[in-house]
Amino acid sequence: MKVKQFYLFLLMVAFTTIIVACSGSNGASTPEEGSSGSTEGTSDSDEDVIEVGILHSLSGTMAISETSVHDAELLAINEINENGGVLGKQIKPVIEDGASDWPTFAEKAKKLLQQDKVATIFGGWTSASRKAMLPVVEESNGLLWYPVQYEGMESSPNIFYTGAAPNQQIVPAVDWLLENRGTKFYLLGSDYVFPRTANAAIKAQLEDAGADLVGEEYTPLGHTDYNTVIAKIKSEKPDVIFNTLNGDSNVAFFKQLKDAGITSEDITVLSVSVAEEEVRGIGADAIAGHLTSWNYYQTTETPENSEFVAAYKAAYGEDRVTADPIEAGYFGVYLWAAAVEKAGTTDVDAVKEAAKELEFQAPGGLVKVDGENQHVYKTVRIGEVQGDGQIKELWNSGEPVKPDPFLKGFDWASGLAESLGQ
Amino acid sequence: MSGTILTLFNGLSLGSILLLIALGLAVTFGLMKVINMAHGELIMIGAYVTYVIQSLFLKYVPEPFFDLYFLLSIPIAFLIAAGFGILLEVSLIRFLYKRPLDSLLATYGVGLMLQQLARSIFGAPNVGVQSPSFLNGGLTIGTLVLPYSRIFILSLSILCLVAIFLYFYRTTNGRRVRAVMQNRQMAECLGVQTRRVDLVTFAIGSGFAGIAGCALTLLGPIGPTIGTYYIIDAFMVVVVGGVGALVGAVVGAFGIGFFNTIFEFFTSATIGKVLVFMLIIAFLQWRPSGLVSSRSRVLDE
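The listed protein sequences correspond, in order, to chains A and B. Residue 1 is where the first sequence starts when you use UniProt numbering, and the numbers rise one by one after that. Residue 1 is where the second sequence starts when you use UniProt numbering, and the numbers rise one by one after that.
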């Protein structure tokens with residue numbers, strides 16, 4: 001029996017070693033892994049480095065999306081460091097894993113702010129993770145840069161939102177569809193806070209425009225069988241499906257939609273959570289011709305973007321693609337660095353003050369921080385997925401759109417914030 | 001009318017998918033009583049094998065033969081998943097045959113390791129597999145479109161069922177397996193090498209998970225965590241069907257498939273699932289050991 005137990009123990013050790021070795025080789029591009037800097041090197045670190053926290057899910061279901069944003073943020077930090085750093089100091093990332101678990105996000109944010117005393121945190125993806133970190137950063141007056149489009153109805157004094165607010169993604173997409181693709185809408189989303197909040201706003205907007213809502217359907221996160229949903233869609237015959245499905249469900253939905261013989265010419269699907277990275281997982285042939293709404297595509301033509309795409313591929317491999325949240329994570333680091341330079345300190349209140357109305361030429365075009373709600377001005381772009389997996393821009397707003405997270409500028413949205421219980 | 005036929009077909013199709021993912025588990029959990037939480041990850045391995053073979057075909061095989069990759073993937077996915085099953089059995093499961101609850105935790109841990117391994121090798125984002133061209137489109141009957149991929153999966157799961165049935169009920173090895181599962185000591189006394197039977201049976205169950213993974217690339221995502229989407233459904237089928245008999249898994253799979261489709265059609269995906277689970281709870285009150293059962297589901301009898 002003892003021999004057996006020893007054997008088992010050896011086996012576990014071997015397994016662990018393999019796993020560590022694998023993740024070690026994977027993280028070759030990450031300079032400082034784990035909870036460094038808490039004890040060692042504090043004496044000199046105060047002198048010539050500024051520590052910042054990076055807090056994304058590197059394991060669990062959300063790792064699929066967040067790993068790339070984490071990579072982009074490290075790229076930006078490396079670039080800034082190569083150009084002399086901030087205030088003459090090097091930026092040192094402290095990387096933590098949120099593990100797709102919302103309480104872990106809160107706990108790690110607390111650790112980064114209170115124990116590592118980082119100057120700022122870059123992190124989060126799901127609204128749930130942001131809402132978990134929000135009280136923590138507010139309580140210790142920290143800073144969080146959140147890089148993903150979201151449902152709006154929030155404006156924390158300690159968070160900078162570099163992804164799109166609803167009026168920079170969803171509202172213009174609905175307008176564009178009404179004008180170009182038809183007025184019979186079918187709303188399909190995953191069953192959680194973002195799709196339900198987004199659809200509440202879309203319904204108000206459709207009603208205001210006098211358009212038809214022929215169906216509204218939610219499926220659980222991770223749902224993989226869309227046969228029945230597609231049967232319902234077929235019987236309702238909408239012009240447009242507004243898709244707020246999140247994560248892997250998109251793959252199942254688009255594959256099965258194609259199998260059911262519905263092409264983009266029959267019904268246009270516009271997605272707000274499908275970017276270049278997700279297109280690869282779906283398979284370009286299954287989603288080609290359908291639309292997306294974002295602020296940035298890999299094909300966006302700016303000089304900054306060709307540099308960014310080249311640098312990203314050089315750092316992480318030729319087969320990688322860039323996408324909207326990746327770009328938002330990347331320029332978030334630059335905005336913070338610029339604000340610190342301007343303030344001359346990493347003090348949170350001073351940086352917040354300096355960040356007001358700050359402008360930056362991001363890969364997706366000019367962005368500007370709104371002094372009032374700490375979201376950013378961004379250009380809206382509607383694109384069509386191509387056969388090669390890239391997204392071709394069909395329309396853009398021409399200029400950066402002022403962020404309006406509470407949709408105050410729209411009459412039909414009055415009372416929406418209250419009715420959503422926010 | 002066509003709506004009814006479509007719903008029936010969709011129910012049949014969902015049932016066949018459930019059957020395919022549960023078939024392997026019906027062997028490892030149903031017959032061997034090993035709670036293998038890594039079953040989903042064996043499905044994932046099957047899916048990634050298909051992806052790798054597809055990528056190799058894209059690189060090295062001339063265009064006209066590309067479609068053959070899928071037919072080749074099925075046996076290879078079976079063999080590789082079975083290989084992982086053997087590794088798992090030899091290194092872990094065999095120590096836990098008498099401790100089913102421990103096997104639940106241990107195999108869950110193995111599942112997490114396999115997920116992380118896949119993430120390290122293939123990266124966190126989903127990978128894409130291009131369906132073979134002969135499975136594109138669908139059979140058109142009047143206004144109905146029955147996707148070929150669904151018809152293919154339906155046929156595949158029936159084929160797998162027949163194969164597994166023939167193995168267990170028409171071969172000497174299969175008879176040995178049943179003998180060991182019914183009375184281990186007696187079988188040992190009669191000269192059956194029970195260790196070998198355990199190993200082979202577990203490998204077969206794992207291999208069928210590989211086939212399921214291969215087939216699912218036609219319909220769903222291929223990523224490190226796909227196993228977690230299917231594992232609950234697989235256990236649900238086996239528990240409802242009854243432990244110890246393959247027939248139970250068949251009836252369970254198609255029963256759940258039909259009810260799920262019908263409920264979902266008249267309500268929504270979320271409510272449909274809730275109703276199915278309520279039905280299952282009610283059903284298990286009435287038949288605690290499942291539809292067809294040669295033994296109880298109690299773990300430590």
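All residues carry an ideal CB built from backbone N, CA and C; glycine is no exception. No experiment lies behind these values; they were computed from the predicted model shown.
Cut-off 6 Å between Cβ atoms - residues of its own chain near residue i, not counting five sequence neighbours on either side
i, result
"R297 (chain B)", "Because the pLDDT of R297 (chain B) is 47, which lies under 50, any placement of that residue in the model is unreliable, and the question is left without a value."
"S157 (chain B)", "S16, L19 and L20"
"V369 (chain A)", "A355, L358 and V376"
"L187 (chain A)", "N199, E216 and F242"
"F254 (chain A)", "I282, A286 and I287"
"N136 (chain B)", "none"
"residue 433 (chain A)", "Residue numbering for chain A in the displayed model covers 1 to 422; residue 433 (chain A) lies beyond these limits and cannot be assessed."
"F410 (chain A)", "none"
"L199 (chain B)", "E89"
"A343 (chain A)", "A350, V351 and A354"
"C214 (chain B)", "G46, T50, S73, I74 and A77"
The alpha helix (DSSP H) enclosing residue i, as first and last residue numbers
i, result
"F265 (chain B)", "L246 to F266"
"L161 (chain B)", "Y148 to R170"
"F185 (chain A)", "Where F185 (chain A) is concerned, there is no enclosing alpha helix (DSSP H), although the beta strand (DSSP E) it sits in stretches over K184 to S190."
"Q115 (chain B)", "P100 to F122"
"Y97 (chain B)", "First-last for Y97 (chain B): undefined, no H or E at that position."
"E82 (chain A)", "A63 to E82"
"D233 (chain B)", "I226 to G241"
"I141 (chain B)", "Run containing I141 (chain B): none in the alpha helix (DSSP H); it sits in the beta strand (DSSP E), G138 to I141."
"F57 (chain B)", "H39 to Y60"
"F202 (chain B)", "T194 to L216"
"I280 (chain B)", "A269 to W286"
"F105 (chain A)", "W102 to K110"
Contact check, residue i vs residue j, beta carbons under 8 Å
i, j, result
"G364 (chain A)", "N295 (chain A)", "yes"
"A132 (chain A)", "A165 (chain A)", "no"
"A249 (chain B)", "V237 (chain B)", "yes"
"T219 (chain A)", "T270 (chain B)", "yes"
"I226 (chain B)", "M44 (chain B)", "yes"
"I233 (chain A)", "G215 (chain A)", "yes"
"F122 (chain A)", "W102 (chain A)", "no"
"D48 (chain A)", "Q90 (chain A)", "yes"
"D259 (chain A)", "P147 (chain B)", "yes"
"G389 (chain A)", "P221 (chain B)", "no"
"T302 (chain A)", "I391 (chain A)", "no"
"Q130 (chain B)", "D285 (chain A)", "yes"
"L177 (chain A)", "L257 (chain A)", "no"
"V110 (chain B)", "A77 (chain B)", "no"
"L221 (chain A)", "D266 (chain A)", "no"
"A124 (chain B)", "I80 (chain A)", "no"
"F274 (chain A)", "N305 (chain A)", "One detail in the question is off: residue 274 (chain A) reads as Val in this sequence, not Phe. Going by C-beta atoms, V274 (chain A) is not nearer than 8 Å to N305 (chain A)."
"V351 (chain A)", "F360 (chain A)", "no"
"G207 (chain B)", "T28 (chain B)", "no"
"G142 (chain A)", "Y150 (chain A)", "no"
"G182 (chain A)", "V272 (chain A)", "no"
"A22 (chain B)", "T107 (chain B)", "no"
"L245 (chain A)", "I382 (chain A)", "no"
"L139 (chain B)", "I121 (chain B)", "no"
Own chain, CB closer than 7 Å to residue i, minus 5 neighbours either side, in chain order
i, result
"Q374 (chain A)", "S155, I159, F160 and Y161"
"A76 (chain A)", "Y330, V333 and Y334"
"E404 (chain A)", "According to the sequence as given, residue 404 (chain A) is Asp; it is not Glu. Answer for D404 (chain A): A165 and N167, listed in chain order."
"L279 (chain B)", "F259"
"L154 (chain B)", "L12, S13 and S16"
"A99 (chain A)", "S57, S59 and G60"
Own chain partners of residue i with C-beta closer than 8 Å, once the 5 adjacent residues on each side are dropped
i, result
"F308 (chain A)", "T322, E327, Y330 and P363"
"Q386 (chain A)", "A284, A288 and K392"
"I50 (chain A)", "G85, V86, L87, K89, Q90, I91, K92, A119, V340 and T346"
Closer than 7 Å: residue i CB and nearest the ligand NAP heavy atom
i, result
"H39 (chain B)", "Questions concerning the ligand NAP fall outside what the structure shown contains, since it holds no ligand whatsoever."
Delimiting residues of the beta strand (DSSP E) encompassing residue i
i, result
"S155 (chain A)", "Counting along the chain, S155 (chain A) falls outside any beta strand (DSSP E), and DSSP gives it neither H nor E."
"T219 (chain A)", "D212 to T219"
"G415 (chain A)", "From DSSP, G415 (chain A) is part of no beta strand (DSSP E); its letter is neither H nor E."
"D116 (chain A)", "Neither: D116 (chain A) is in no beta strand (DSSP E) and is coded neither H nor E."
"N10 (chain B)", "No beta strand (DSSP E) contains N10 (chain B), which is instead part of the alpha helix (DSSP H) from S2 to L25."
"L143 (chain A)", "Per DSSP, L143 (chain A) belongs to no beta strand (DSSP E) and is neither H nor E."
Beta bridge counterpart(s) of residue i as assigned by DSSP
i, result
"H56 (chain A)", "A:D97"
"Q168 (chain A)", "Answer is none; Q168 (chain A) lacks a bridge partner."
**Q.** Inside the stretch 332-392 of chain A only - alpha helix (DSSP H) runs reaching at least 4 residues
**A.** 348-355
Q.
As an exercise, report each continuous beta strand (DSSP E) stretch of at least 3 residues that is fully enclosed by the stretch 273-321 of chain A, in chain order.
A. 291-294
Q | Those runs of the alpha helix (DSSP H) which lie wholly inside the stretch 195-271 of chain A and span at least 4 residues | A | 227-236 and 249-259
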